[in-house]
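A.B. asks:
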Amino acid sequence: MKKDMTILYPLGNNLYVNMTNRCPYNCTFCLRQTMDTVSKENPHSLWLEREPSVQEVCNEFKKFDMDQYNEIVFCGFGEPTERLYDIFEVCDCIKTTYNKPIRINTNGSANLIWQKDTTKDFKDRIDTVSISLNHPDPVQYQNIVRSKFGIQSHKAMLEFAKNVKQYVKHVCMTTVDTTISHEDEKQCALICKELGVSYRIRPYEK
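Here this note's numbering = 1-based position in the sequence shown + 677.
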């Protein structure tokens, strides 16, 4: 495992923020089990030598031509909400300086990590929340994500989605293509419809 200090990395038309390698899940399909990076444009490892400070992250944006990017995405080799309140500080910096839309890709465990409802603090900071739904059944979900919080993780993730949509413009839930059956995908679509959020099947990346 190579380590580096890759805090920001471009992917497509977006700029991604890698602030932590901590994660309470150990998903069976997770890229970091077999790879050091996800970006051909930036081959440097996403395994961090240490977690950057909020100021370091804010300063890193100055190295990039921000006009090139459509969106800022918090998603690296870890669960971003492990540093949720640091992320909110960075969001405030981004909004003030660059006025770019902000997305966070999460497994939906923020309320379990912080042991409180965090969702109201997303307001006016995060424009899109993308949540990994992974499976409609709590037991099968746990088999896939292998959460340290156990079987309660599925219910907590759904409650997080329901609550955060009160404060965020766009909430999307996703599953990974080929990791569940088409019947399970239909069930996931129904769950998303009931929650009032969108559903997307994202491609499996090797």
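Glycine included, C-beta positions come from ideal geometry on N, C-alpha and C.
Do THR697 and GLU733 have their CB atoms nearer than 7 Å?
C.D. replies: For THR697 and GLU733, no; Cβs fall outside 7 Å.
A.B. asks: Taking DSSP as the reference, what is the three-state secondary structure of LEU723?
C.D. replies: Coil.
A.B. asks: Between the C-alpha atoms of TYR844 and ARG709, what's the straight-line distance to the nearest angstrom?
C.D. replies: Cα to Cα, the separation comes out at about 31 Å.
A.B. asks: Tell me ARG823's beta-bridge partners as DSSP assigns them.
C.D. replies: Note: ARG823 sits in no beta bridge, so no partner.
A.B. asks: How long is the line joining the alpha carbons of GLU836 and CYS707, rounded to whole angstroms?
C.D. replies: Cα to Cα, GLU836 sits roughly 23 Å from CYS707.
A.B. asks: Assuming SER730 contacts ASP681 under a Cβ cut-off of 8 Å, what Cβ separation, rounded to an integer in Å, is found between them?
C.D. replies: Actually they are not in contact, since the Cβ atoms of SER730 and ASP681 sit about 17 Å apart, beyond 8 Å.
A.B. asks: Can you give the Cα-Cα distance for VAL822 and PRO757, rounded to whole angstroms?
C.D. replies: Their backbone Cα atoms lie some 16 Å apart in a straight line.
A.B. asks: Assuming contact is defined by CB atoms lying nearer than 7 Å, are SER824 and PRO701 in contact in what I supplied?
C.D. replies: Taking 7 Å as the Cβ cut-off, SER824 and PRO701 qualify as a contacting pair.
A.B. asks: Measuring alpha carbon to alpha carbon, tell me which residue in VAL841, GLN745, ILE779, TYR746 is nearest ASN788.
C.D. replies: Measuring from the Cα of ASN788, the nearest candidate turns out to be VAL841.
A.B. asks: Are the CB atoms of ILE749 and ILE771 nearer to each other than 7 Å?
C.D. replies: Yes; because the gap between Cβ atoms is below 7 Å, this pair is in contact.
A.B. asks: When you compare only the Cα positions, how much space is there between ASP794 and GLN864?
C.D. replies: Cα to Cα, ASP794 sits roughly 26 Å from GLN864.
A.B. asks: Return the chain-ordered list of same chain residues with a C-beta closer than 6 Å to the C-beta of MET743, the five sequence neighbours on each side being excluded.
C.D. replies: The residues are TYR775.
A.B. asks: Provide the residue(s) that pair with SER807 in DSSP beta bridges, ordered along the chain.
C.D. replies: Per DSSP, ASN782, CYS849.
A.B. asks: With a CB to CB cut of under 6 Å and the five nearest residues on each side skipped, what residues in its chain are close to PRO778?
C.D. replies: So the qualifying residues of the chain are GLU748, ASP804.
A.B. asks: Please classify ASN691: does DSSP put it in a helix, a strand, or coil?
C.D. replies: ASN691: strand per DSSP, three-state reduction.
A.B. asks: Which stretch, first to last residue, makes up the beta strand (DSSP E) that contains GLU748?
C.D. replies: From DSSP, the beta strand (DSSP E) with GLU748 extends over 748-751.
A.B. asks: Any idea what DSSP makes of ILE878, helix, strand or coil?
C.D. replies: Three-state result, ILE878: strand.
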